[in-house]
Each structure stands twice: as structure tokens, then as C-alpha cells.
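Colleague: Sharing a structure here in C-alpha cells format.
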Amino acid sequence: MNKIIYGNAYDYCEKKAGEIEGRFQLIYLDPPYNTKRKRGARKSYNDTNSNWAQNMRDVIVNAHKALKKEGFLAVSINQMELFNLKPVIDTVFCAECFIGLFPVKIRHKDRQLMINATFHDVYEYLLIYRKEKSTRFFCESKVADPRKFVYKINILDDSPQKKHIAGKQIEIFKPEQYEIVKQDECTTGCFRRYIIAGKLKTANWSGEWYENYLADMGTDLLIKVHGLEQEGLGYRWFITSNEKRKSGVYFQSLLNAGRPILPTNDLDFTDEVTNIYKEGGAGCDYKDSKKPEKLLGFLLDICTRENDEVMDMYGGSGTTLACCIKKNRKCTIIDNSKSAYEIMKTRVRNMRNGLDIDGVKYEFECEEEEI
Ligand SMILES: C[S@@+](CC[C@H](N)C(=O)[O-])C[C@H]1O[C@@H](n2cnc3c(N)ncnc32)[C@H](O)[C@@H]1O
């Protein structure tokens, strides 16, 4: 169920602590940036808060509790508070759970409107964290080329030496206990062979594991490591180096061989920002840093799956809610401004009646609550 809440973000989390704990796959925060200005779009709003960092900390502590263990936090910010915000989130999430800084281009470089500024700043930023450091973004895979999967591993004597290393069970086969056969074409049970050299030693989990735990075990050993990575078989094969080949080798099965197409942090929404006032349809213009649906769509794609729950504690014009409805996620969205609350209600009404700019009539449930 989608929910629009009129109220203070912190108060909502405190009041509903039991109900929202561990529930959300993504929490998106687009707080006031503490620009210390009263200008342009913010003529009616003084964006100054001497207690900004502490207020953010309180909200982020609540966000951390409300996230599922495999969940993500994404926070929009500009450079005024970027360098204060990161240490605040680091203390709550831990620095290792910081995934990355995503610069978001929001202005054309030639459209310089603030002529009194020292330079024309075209970027805002997204800081993205995960609750647990092993969580990965959802991404598509490039299908593997089966012509490369031509190595067959034949076990000649199935009595390996068994050990436990770094929490993993391993089986070690001496050179006379196995053979590797290169075939002309891919058949069932064939593998692709990777030499663990260069970047594979440090930027690849299997390569790194080999270097840390297996590289010094001896020469030409075939080693089966159970539970390593998401190898479709439940284990991964390695061969240690020898006189001729100075690097180790790992084998990949076709079962899980697709190469992930990773999201990039090369985000340019300048065209969308130029037309942002149209998004949501009539009555949904919002002068307080309204975000393009394409930006929220990007976050939903990489951090969530269909039917996941998402929370936005600084809802504004309801961009996150609109995207969640369009992408079949469930959104709880909060704002403490009456005008934002009214705009969000207008936006969902427009979506139901086919009056958003895409002209589609959406069917969905959405509750409203004032706290
Ligand atoms: C930058 S705007 C969000 C814009 C939104 N992402 C969009 O696309 O329209 C920040 C919003 O946070 C709201 N806000 C500020 N302090 C808040 C608080 N303590 N609790 C809830 N909302 C708050 C403001 O009313 C404003 O609408």
C-alpha cells in the first residue's frame, strides 16, 4: 500500500518505530540543503539550519533502523553540506557500507542564471549506502559466449585433502589426481578458464580469494572452494601456479557466467530538469529542488525489485511516489509542508485520471495520513 504522510520525518519514524523497523528496501532522502540562502525558488523559505548535521543524524539513525538488511540508502545533496553529510552517514552506516558518490548533472553549462555566483555549479550529488557491505545493486547481465567454455575437469582419484580456510571448506587434489582437457566445443559441465593476473588479482572476488588464501599452497594443485561467490555450482575450481605459468587459474561454469552490466555514476539529467515543471501534470510544479522522475527511476532500478517497499522522508512534490507507482513498488512518503502534501495528493489524482504527462491512467491504492 502507498502512503502519503503529512508530518515531520523524525516524528513519523519515532511514532511508527515498531511498524517500520526493517521494512524498506530503499530509503531516499532529499532534505533541505542548508544553502543558507533565501533566493530564487526559496524566496519564501529560509534554507538555514545551524543544527543541520545533528538533525540529519537523527533522521539517518531512523532510516538505518527502517531499512531491510539488504536495503539501500540514497541521499541527494549539493556541495554546501556534502562534506559534512558523509561523516554523519559513515558513523551510522559504517564507512565500508558507502557504495559511492554519484554526481548528478542538473544544469546546462551554458545556461548561467546566477551571475553573482563565483562559478556556475552544474552538479548535485547522490551518496549511496547499503546496510550490509556484501549487498550489490540489481543489474542486467550480458550473456556469456559458450564458445569460451571448453575446459573439462576430470577427477581421476576422488580422495582430496580437505581443509577449512577463511570459513570455506576446500578440497585439494594433487596433479596426479586430476586432468584438465580442452575440448573443441562447449559440452555439459565445461568451464571457462581465467588466468589470475593483473586486475583479476585485486578487482575480482575469486582472484582476490586465490591471492589471499591459495596462491602459496603449492604448485599445480586443483582446489575446489565451496560457497565462493555466486558460482552456480555452489563451489569454484582453482589451479595453483607452476614453473611455466606464474599465475593461478580459476574456472567459471556456464551456469552463472553472465557478466553484470554495472550501473555507472555518469548521470546527466539536464534536459529533464529543464522540463521538470511539467512532471506530474497540472498543479504539480514545485520550486524546492523537485527531482526528475528519471533520477528516481534509476535508483529504483538499481536498488529495488517489483513490490519492494520504499520510503522518502522529504517528499516534496511526490516524485518518488509517482515513480514507485509507475514501477510497481510501494512507497511511504512524508513531508512536513502542507503545500507539498497537497501537491502530492494532486499528483496521484492526476495519475489516476491520465493527467500526468505520459497520459496513462494508473490504478493503485494510496492512503493519506496526517500525524
Ligand atoms: C528538496 S525538497 C524535496 C523535493 C522532492 N524530492 C521532489 O522531487 O519534489 C525537500 C522537502 O523536504 C520537506 N521537509 C523539510 N524538513 C522536513 C522534515 N523535518 N520532515 C519532513 N519533511 C521535511 C520540505 O517541505 C520539502 O518539501
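Residue numbers for the sequence shown follow numbering that gives the first Met the number 0, beginning at 0 and rising by one.
All C-beta atoms in this analysis are idealised placements derived from N, C-alpha and C, irrespective of residue type, glycine included.
For clarity, every value in this text was computed on a predicted model and none was experimentally measured.
#1: What residues in its chain sit with their C-beta under 6 Å from that of residue 241, if we drop five residues either side in the sequence?
#2: In angstroms, rounded to a whole number, what distance separates the CA positions of residue 12 and residue 59?
#3: Examine the Cβ distances between the region 108-115 and the region 63-81 and report whether three or more of them are shorter than 8 Å.
#4: Closer than 7 Å: is that where the CB of residue 333 sits relative to any heavy atom of ligand 1?
#5: To the nearest angstrom, how far is it from the Cα of residue 8 to the Cα of residue 160?
#6: DSSP puts residue 73 in a beta bridge; with which residues?
#7: Where does residue 39 sit, in a helix, a strand or coil, going by DSSP?
#8: For residue 4, name the three-state secondary structure that DSSP assigns.
#9: Judging by CA-CA distance, which residue of 151, 25, 275, 339 is the nearest neighbour of residue 292?
#10: Just checking residue 31 against ligand 1 - is the residue's beta carbon closer than 7 Å to any of the ligand's heavy atoms?
#11: Among the residues of its own chain, which have a CB less than 6 Å from the CB of residue 365, if the five just before and after it don't count?
#12: DSSP on residue 176, reduced to helix/strand/coil?
#13: Where do the ends of the beta strand (DSSP E) carrying residue 252 lie?
#14: Run through DSSP, which three-state label would residue 57 get?
#15: For ligand 1, any of its heavy atoms closer than 7 Å to the Cβ of residue 312?
#16: Between residue 7 and ligand 1, is the CB less than 7 Å from at least one heavy atom?
#17: Below 8 Å on the Cβ atoms is my contact criterion, and I expect residue 103 with residue 55 to pass it. Report the Cβ-Cβ distance as a whole number of Å.
#18: Specify, as a first and last residue, the run of the beta strand (DSSP E) that residue 365 falls within.
#19: Distance, Cα to Cα, residue 252 vs residue 236?
#20: Would you kindly work out how many angstroms separate the C-alpha atoms of residue 18 and residue 305, rounded to a whole number?
#21: Can you list, in chain order, the residues of its chain with a C-beta nearer than 7 Å to that of residue 362? Leave out the 5 residues immediately preceding and following it.
#22: Can you find at least 3 beta carbon pairs, one from the region 141-149 and one from the region 183-193, that sit closer than 8 Å?
#23: Which first and last residues belong to the alpha helix (DSSP H) in which residue 347 is found?
#24: Just verifying my parser: in three-state terms, what is the DSSP assignment at residue 241?
#25: So, for residue 209: in the same chain, excluding its five sequence neighbours on each side, which residues have a beta-carbon less than 7 Å away from its beta-carbon?
#26: Beta carbon of residue 24, beta carbon of residue 308: below 8 Å?
#27: In the DSSP assignment, what are the bridge partners of residue 66?
Modeller: Taking the definition as stated:
#1: For residue 241, same chain residues with a beta-carbon under 6 Å away, outside a window of 5 residues either side, are 218, 219 in chain order.
#2: Cα atoms of residue 12 and residue 59: separation of roughly 10 Å, rounded to the nearest angstrom.
#3: Because the criterion of three Cβ pairs below 8 Å is not met, the region 108-115 and the region 63-81 do not touch.
#4: Between ligand 1 and residue 333, a heavy atom-to-CB distance of less than 7 Å is present.
#5: Cα to Cα, the separation comes out at about 57 Å.
#6: Under DSSP, the beta-bridge partners assigned to residue 73 are 27, 127.
#7: Bear in mind that a pLDDT of 47 at residue 39, under 50, signals an unreliable position, so the model cannot answer this.
#8: In the displayed model, residue 4 falls within a strand according to three-state DSSP.
#9: For residue 292, the nearest C-alpha among the options comes from 275.
#10: Within the cutoff, so yes.
#11: Answer for residue 365: 1, 347, listed in chain order.
#12: Looking at residue 176 - three-state DSSP - the assignment turns out to be helix.
#13: Element bounds for residue 252: 248-252.
#14: In the structure shown, residue 57 sits in a helix (DSSP, three-state: H, G or I).
#15: For residue 312, the shortest separation between its Cβ and any heavy atom of ligand 1 lies below 7 Å.
#16: Indeed, a heavy atom of ligand 1 lies less than 7 Å from the Cβ.
#17: With 8 Å as the limit, residue 103 and residue 55 do not qualify as a contact, their Cβ atoms being about 19 Å apart.
#18: First-last of the beta strand (DSSP E) with residue 365: 365-369.
#19: Residue 236 has its alpha-carbon roughly 9 Å from the corresponding atom of residue 252.
#20: For residue 18 and residue 305, the distance between alpha carbons rounds to 21 Å.
#21: Listed in chain order, the non-local C-beta contacts of residue 362 below 7 Å within the same chain number zero, local neighbours out to five positions each way being set aside.
#22: With the cut-off at 8 Å, the region 141-149 and the region 183-193 touch.
#23: Element bounds for residue 347: 337-351.
#24: DSSP places residue 241 outside both helix and strand once states are collapsed to three, so it counts as coil.
#25: Residues 195, 237, 247, 249 of the same chain have their beta carbon placed closer than 7 Å to that of residue 209, with the five preceding and five following residues left out of the count.
#26: The Cβ atoms of residue 24 and residue 308 lie closer than 8 Å to each other.
#27: According to DSSP, which records beta bridges pairwise, residue 66 is partnered with 23.
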